[in-house]
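Q: This is the structure I have questions about; it appears just below.
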Amino acid sequence: MRLLVILLAVIVYSCTTYSEDELQQFDQEIESYIKKNGLNFSKTDEGLYYRIIKEGDGRKIQYNDSVLIAYKGTLLDGKVVDYQKKPIWFAVKDLIAGWKSGLTTINKNGVLELIVPPQLGYGNHKLDFIPENSILYYELKVFDIH
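In the numbering used here, the protein residues as written are 3 to 148.
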């Protein structure tokens, strides 16, 4: 079921566009969250915020890899929207844009935190536990890559 939701997200993400004002609003909300919680994240040109907890070992994850990961996803208010305690395989190319970008910064056995703005996540589409235009916070642990 989780894979279906993520695959659906790739389809709906490609249909979502935002104005510069909306993108700035998302960015301001993320910056406020980071400052309020005393966090230290890097930001990509696309607007993804990431923090490498553990780089891991071996080669970097690539777009055409599959990854064995466990993860937890929350809204910025802390409400859990997805939790996969037992590692599960995903094709990187099938994931939301924020995960694709973030995962390619680490290696096997890496640990990563992401703050994914809507334009790199599920966009303006409401899913079961994820409201439309949600900014999502993910903790990801990579166990293996192929």
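Even glycine gets a Cβ: it sits at the ideal position worked out from N, Cα and C.
Bear in mind the structure is a predicted one, so any value in this text is a computation, not a measurement.
Going along the chain, which residues of its own chain have a beta-carbon closer than 6 Å to the beta-carbon of lysine 74, five neighbours each way excluded?
A: Cβ within range, chain order: Tyr85 and Glu141.
Q: Are the beta-carbon atoms belonging to isoleucine 55 and leucine 97 less than 8 Å from one another?
A: Not closer than 8 Å, so no.
Q: Are the CB atoms of valine 83 and phenylalanine 131 nearer to each other than 8 Å?
A: Cβ atoms of valine 83 and phenylalanine 131: closer than 8 Å.
Q: I'd like to check one pair, serine 103 with leucine 25: are the Cβ atoms closer than 8 Å?
A: No, they are not a contact pair.
Q: Taking 6 Å as the limit between beta carbons, can you name the residues of its chain near phenylalanine 53, skipping five residues before and five after?
A: Residue identity check: residue 53 is arginine in the sequence provided, not phenylalanine. These residues qualify, in order along the chain: Phe43 and Glu115.
Q: For lysine 110 versus aspartate 59, is the C-beta distance shorter than 8 Å?
A: Taking 8 Å as the Cβ cut-off, lysine 110 and aspartate 59 qualify as a contacting pair.
Q: Report the residue from Gly112, Asn66 and Ser21 whose alpha carbon sits nearest the alpha carbon of aspartate 146.
A: Closest by alpha carbon: Gly112.
Q: Ordered along the chain, which non-local residues of its own chain (more than five positions away) have a Cβ less than 7 Å from that of isoleucine 32?
A: Closer than 7 Å at Cβ, skipping near neighbours: Tyr51, Ile117, Pro119 and Ile137.
Q: Just confirm the distance between the C-beta atoms of isoleucine 63 and threonine 106, as a whole number of angstroms; I'd bet it's less than 8 Å.
A: Contact holds; Cβ gap of about 5 Å.
Q: Exposed or buried, aspartate 67, counting other C-beta atoms within 10 Å across all chains shown (16 or more means buried)?
A: Buried: at least 16 other Cβ atoms inside 10 Å.
Q: State the CB to CB distance for the pair leucine 78 and tyrosine 124, rounded to an integer number of angstroms; the pair is presumed to be in contact (CB under 8 Å).
A: The pair is not a contact, with the Cβ atoms about 14 Å apart (cut-off 8 Å).
Q: By DSSP, does tyrosine 35 sit in helix, in strand, or in coil?
A: Helix at tyrosine 35.
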